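These protein sequences, in sequence, are chains A and B.
Read in order, the letters of the first sequence correspond to residues 1 to 252 in full-length UniProt numbering.
Read in order, the letters of the second sequence correspond to residues 1 to 77 in full-length UniProt numbering.
Ideal Cβ placement from N, Cα and C applies to all residues, glycine included.
Note that the structure is predicted; figures quoted are calculated from it, not measured.
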Amino acid sequence: MTATYSDLKDKVILVTGAARGIGKSIALTLSAQGAHVVFNYRGDEAKAAALKEELQAAGGKATGLKFDVTDYEAMTKAIDEFTKTVGPISGLVNNAGVSKDTLLLRLKPDEISSILDTNLKGSMMVTQALSRNFLKAENVSIVNMSSIVGLMGNPSQAAYAASKAGLIGFSKSVAKELASRNVRCNVICPGFIQTDMTDALNEKAKEEYAKSIPLGRMGKAEEVANLTCFLLSSASSYLTGEVIKIDGGLYI
Amino acid sequence: MELQDKVIKLVSEATKMDAANISLNTSFVDDLNLDSLDMVELMMKMEDEFGVEIPEDETENLKSIGDVVTYLKSKSH
Numbered sequence: 001m002t003a004t005y006s007d008l009k010d011k012v013i014l015v016t017g018a019a020r021g022i023g024k025s026i027a028l029t030l031s032a033q034g035a036h037v038v039f040n041y042r043g044d045e046a047k048a049a050a051l052k053e054e055l056q057a058a059g060g061k062a063t064g065l066k067f068d069v070t071d072y073e074a075m076t077k078a079i080d081e082f083t084k085t086v087g088p089i090s091g092l093v094n095n096a097g098v099s100k101d102t103l104l105l106r107l108k109p110d111e112i113s114s115i116l117d118t119n120l121k122g123s124m125m126v127t128q129a130l131s132r133n134f135l136k137a138e139n140v141s142i143v144n145m146s147s148i149v150g151l152m153g154n155p156s157q158a159a160y161a162a163s164k165a166g167l168i169g170f171s172k173s174v175a176k177e178l179a180s181r182n183v184r185c186n187v188i189c190p191g192f193i194q195t196d197m198t199d200a201l202n203e204k205a206k207e208e209y210a211k212s213i214p215l216g217r218m219g220k221a222e223e224v225a226n227l228t229c230f231l232l233s234s235a236s237s238y239l240t241g242e243v244i245k246i247d248g249g250l251y252i
Numbered sequence: 001m002e003l004q005d006k007v008i009k010l011v012s013e014a015t016k017m018d019a020a021n022i023s024l025n026t027s028f029v030d031d032l033n034l035d036s037l038d039m040v041e042l043m044m045k046m047e048d049e050f051g052v053e054i055p056e057d058e059t060e061n062l063k064s065i066g067d068v069v070t071y072l073k074s075k076s077h
């Protein structure tokens, strides 16, 4: 079942990491409600054009901006150009994220940097790059995609967990800092969701996880997208600085 | 309208303070009680009004109405 929120129509929302997985599901769900989805892409023009078409076919306007979330210069330039020509962006979903399972014993400094840069710093920089624009926009809602792992930890995911937990502190600060300007900032902590990231797990591991999840299954990207739409919409108007788990009961 | 008067009018509208009580010596923080977010917004309004860029590190040096007027004058050549 897809949730619909009428105020998302024509709302301009930037979604990072929209090429696949949870990000793509969010982008499609938003497009289906007539939102103007702005997505970033790193270089593959053909892929970006294909995604744009797919989103427009789903029902909304779509624009691709060329920048990597770790490139502050490129992102501020692309965002400034867009907001000058099209108008303010009033929604942001910081979803771009990478994961590389490594035991602490084997974890190298550059691997730590790489995960922290993309997952945590990248989200922080995109939010900052849009902050001035947010002061000019209305009903601004920021949704940061953390992870259940950021709350409960997980072997082999020390760096990933650190980056996801970091997003929580960041989001709470942003929520407090910009609340007076009607900018809300919330966090979603997905549990095990069916995407490329979890497809990589072997069958035995997946079965084990499913057993420990009260609802007995992995989640669907659409289910996370529904929650994201709720947080972006004024339906959640009194919610800010909140951290919402969506994990089938895994971490109660 | 003189630049000075334009600036005072803008600040008066932004802070809801009577223009008669705002002078070149009026301090943003001490007299007008603006916090850092208020300052950023005010500078953004100035940028829009006067078509001049006021970078973040410059804003730190603009403590009073007079400082802003001086800065804007230096940029209009």
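Spatial distance of residue i from residue j (CA atoms)
i, j, result
"residue 236 (chain A)", "residue 66 (chain B)", "43 Å"
"residue 15 (chain A)", "residue 251 (chain A)", "27 Å"
"residue 126 (chain A)", "residue 59 (chain B)", "22 Å"
"residue 206 (chain A)", "residue 198 (chain A)", "8 Å"
"residue 118 (chain A)", "residue 8 (chain B)", "44 Å"
"residue 164 (chain B)", "residue 213 (chain A)", "Because chain B in this structure spans residues 1 to 77, residue 164 (chain B) falls outside the shown range and cannot be described."
"residue 56 (chain B)", "residue 209 (chain A)", "49 Å"
"residue 4 (chain B)", "residue 32 (chain A)", "51 Å"
"residue 40 (chain B)", "residue 2 (chain B)", "24 Å"
"residue 181 (chain A)", "residue 211 (chain A)", "45 Å"
"residue 8 (chain A)", "residue 34 (chain A)", "7 Å"
"residue 228 (chain A)", "residue 158 (chain A)", "26 Å"
"residue 163 (chain A)", "residue 152 (chain A)", "13 Å"
"residue 165 (chain A)", "residue 26 (chain B)", "44 Å"
"residue 196 (chain A)", "residue 67 (chain A)", "22 Å"
"residue 234 (chain A)", "residue 62 (chain B)", "37 Å"
"residue 112 (chain A)", "residue 102 (chain A)", "10 Å"
"residue 33 (chain B)", "residue 15 (chain B)", "9 Å"
"residue 36 (chain A)", "residue 86 (chain A)", "11 Å"
"residue 55 (chain A)", "residue 40 (chain A)", "13 Å"
"residue 242 (chain A)", "residue 194 (chain A)", "24 Å"
"residue 73 (chain B)", "residue 23 (chain A)", "48 Å"
"residue 12 (chain A)", "residue 44 (chain A)", "23 Å"
"residue 148 (chain A)", "residue 72 (chain A)", "28 Å"
"residue 71 (chain B)", "residue 6 (chain B)", "14 Å"
"residue 31 (chain B)", "residue 10 (chain B)", "16 Å"
Simplified DSSP assignment, three categories, for residue i
i, result
"residue 130 (chain A)", "helix"
"residue 40 (chain B)", "helix"
"residue 74 (chain B)", "helix"
"residue 116 (chain A)", "helix"
"residue 41 (chain A)", "strand"
"residue 193 (chain A)", "strand"
"residue 27 (chain B)", "strand"
"residue 64 (chain B)", "strand"
"residue 237 (chain A)", "coil"
"residue 202 (chain A)", "coil"
"residue 209 (chain A)", "helix"
Distance between beta carbons of residue j and residue i, contact taken as under 8 Å
i, j, result
"residue 248 (chain A)", "residue 219 (chain A)", "6 Å"
"residue 137 (chain A)", "residue 90 (chain A)", "4 Å"
"residue 190 (chain A)", "residue 224 (chain A)", "5 Å"
"residue 94 (chain A)", "residue 26 (chain A)", "Contact doesn't hold; Cβ gap of about 11 Å is too wide."
"residue 18 (chain A)", "residue 51 (chain A)", "7 Å"
"residue 3 (chain A)", "residue 144 (chain A)", "With 8 Å as the limit, residue 3 (chain A) and residue 144 (chain A) do not qualify as a contact, their Cβ atoms being about 19 Å apart."
"residue 122 (chain A)", "residue 76 (chain A)", "Contact doesn't hold; Cβ gap of about 13 Å is too wide."
"residue 240 (chain A)", "residue 175 (chain A)", "5 Å"
Chain A within 8 Å of residue i, Cβ atoms only
i, result
"residue 44 (chain B)", "yes"
"residue 34 (chain B)", "no"
"residue 37 (chain B)", "yes"
"residue 60 (chain B)", "no"
"residue 154 (chain B)", "This structure cannot settle anything about residue 154 (chain B), because the visible part of chain B is limited to 1 through 77."
"residue 41 (chain B)", "yes"
Element boundaries [alpha helix (DSSP H), containing residue i]
i, result
"residue 1 (chain A)", "It is not in any alpha helix (DSSP H) - residue 1 (chain A) carries neither H nor E in the DSSP assignment."
"residue 232 (chain A)", "221 to 232"
"residue 244 (chain A)", "Careful: residue 244 (chain A) lies outside any alpha helix (DSSP H), inside the beta strand (DSSP E) at 243 to 246."
"residue 8 (chain B)", "3 to 15"
"residue 69 (chain A)", "Counting along the chain, residue 69 (chain A) falls outside any alpha helix (DSSP H), and DSSP gives it neither H nor E."
"residue 58 (chain B)", "56 to 59"
Short CB-CB distance (under 8 Å) between residue i and chain B
i, result
"residue 106 (chain A)", "no"
"residue 250 (chain A)", "no"
"residue 173 (chain A)", "no"
"residue 135 (chain A)", "yes"
"residue 180 (chain A)", "yes"
"residue 184 (chain A)", "no"
"residue 42 (chain A)", "no"
"residue 132 (chain A)", "yes"
Boundaries of the beta strand (DSSP E) in which residue i is found, first to last residue
i, result
"residue 141 (chain A)", "140 to 145"
"residue 188 (chain A)", "183 to 190"
"residue 166 (chain A)", "Looking at the DSSP string, residue 166 (chain A) is not in any beta strand (DSSP E); the run it does join, the alpha helix (DSSP H), is 158 to 178."
"residue 64 (chain A)", "61 to 66"
"residue 34 (chain A)", "Residue 34 (chain A) -> no beta strand (DSSP E), and no H or E assigned at all."
"residue 91 (chain A)", "91 to 94"
"residue 15 (chain A)", "12 to 15"
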